[in-house]
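> Residue numbers (mature numbering (1 follows the signal peptide of the UniProt record, and there is no 0)): -26 to -1, 1 to 418.
Take a look at this one; I'll ask things after.
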């Protein structure tokens, strides 16, 4: 599909290729192929859903991808579940998080410009249904711990107004991990740790783990729980406790050393949470999903090898993420899925899992992929170049004077063809690849 022409508009492109329609490629959709037990049995409590989103974790920055960073908990959870090895997100923070919350591409929610800055009068549109709102309507208790970064310019933009019954965390994107000071330029700084709608002055840097444990201990596990754990690590500023830094004293690069220590902190936090889930009786009826929000930032210690590029780029290093699903409800464990999964797919997938599927799936951009982690490929037959369009970033724009930047366009086309080639070749559909190649060639 050819991207629409945008005459007279300066465009700052920070998003990548998005799937508009996906179909299974010649693979039977039978009960034998389904990876999960039926969780909709009459009278059964829907599964507890735990979604962990980490910040700026590089594709290779996890133990099971051969990293020098120690992540034993994540490695074990992924090994016992389903590793998502063709999982895609957006190249920067706010667009990925908005797609998780809504199942819609950022061009459909007005968040295509870049991240939401602290002084911008912008937020996730209040009239767009969110995942926690829908899960709450389905009978879930909904709680969030960590980084919001979807706007807070008005009361109706806050997490507690968007479906979360409780919220403890930051509203901005990159505050100090210990003092919680957050700045948007040197002249605009403030304290950014909030308990609901009030500043949480009294809390310390390890608030997230303590809050997770508190929620798990006080919630009635007979009622389904949705817990969104949006950890700010390993986003800058690069800060970590001394005991974690000591593990990486042999790393010569200071940025890499602090970055690695922060991801070890993530590993410890997830481990403590899962242990508490077991102790409190949640684990047997739970689904845990782990995801990075975008690729790693090499200038801040991240590594996406062997993928090219990093955070903010169109290359796979910017948009291909670490991801896995871990659950006792998996019928087929210890699997590696090469199905093409996108962050926007979680919205319809988790609603279906909760027994409350989207009534109008066509209004969404994501797809219910719950049964596809094991059964085979999900192949995008129609693809769209989804640029982040705004007149706010003229100095950095790849488009000026109505002319697309040739470098940026070639990047988009090469990334598209790289994704498509893998699936077309494996499925014996080379003619699809050739048709798409001809179509995308019209862009440059």
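Heads up, the beta-carbon is just placed ideally off N, CA and C, and yes, glycines get one too.
Can you tell me the Cα-Cα spacing of residue 201 and residue 35, whole angstroms?
C-alpha separation (whole angstroms): 24 Å.
> Can residue 91 and residue 267 be called in contact, C-beta distance under 8 Å?
no
> Can you grab the Cα-Cα spacing for the pair residue 378 / residue 147, in whole Å?
Residue placement at residue 378 is flagged as unreliable, the pLDDT there being 45, under the threshold of 50; the coordinate-derived value follows with that caveat. Near 30 Å, if we compare the C-alpha coordinates of residue 147 and residue 378.
> What's the gap between the Cα of residue 358 and the Cα of residue 293?
With a pLDDT of only 43 at residue 358, under the threshold of 50, the placement of this residue in the model should not be trusted, and no figure is reported.
> Indicate the three-state DSSP secondary structure (helix, strand or coil) for residue 242 in the structure shown.
helix
> At 4 residues or longer, what runs of the alpha helix (DSSP H) sit wholly inside the segment 39 to 63?
Taking only runs of at least 4 residues, the alpha helix (DSSP H) segments lying wholly in the segment 39 to 63 are 46 to 54.
> Among 37, 24, 20, which one has its Cα closest to the Cα of residue 277?
Taking only the C-alpha atoms, the option nearest residue 277 is 37.
> Quick check on this structure: which residue in 26, 137, 160 has the alpha carbon closest to the alpha carbon of residue 170?
Closest by alpha carbon: 137.
> I believe residue 33 touches residue 295 by the beta-carbon criterion, under 8 Å. Please report the beta-carbon distance rounded to the nearest angstrom.
7 Å
> Helix, strand or coil, according to DSSP, for residue 261 in the structure here?
strand
> Measure the C-alpha to C-alpha separation of residue 283 and residue 269 and round it to an integer number of angstroms.
8 Å
> State yes or no: is the C-beta of residue 60 within less than 8 Å of the C-beta of residue 230?
The Cβ-Cβ distance between residue 60 and residue 230 does not fall below 8 Å.
> If we count the other Cβ atoms within 10 Å of its Cβ and call it buried at 16 or more, is residue 155 buried or exposed?
exposed
> Near residue 307, what residues of its chain come up, given a Cβ to Cβ distance below 7 Å and the 5 sequence neighbours on each side ignored?
A distance below 7 Å between beta-carbons, with the five flanking residues on each side excluded, links residue 307 to the following residues of its chain, in chain order: 54, 55.
> Under a three-way DSSP split, which group does residue 169 fall into?
strand
> To the nearest angstrom, how far is the alpha carbon of residue 139 from that of residue 112?
14 Å
> Taking DSSP as the reference, what is the three-state secondary structure of residue 346?
helix
> Where do the N-terminal and C-terminal ends of the beta strand (DSSP E) with residue 201 fall, by residue?
Its beta strand (DSSP E) spans residues 199 to 204.
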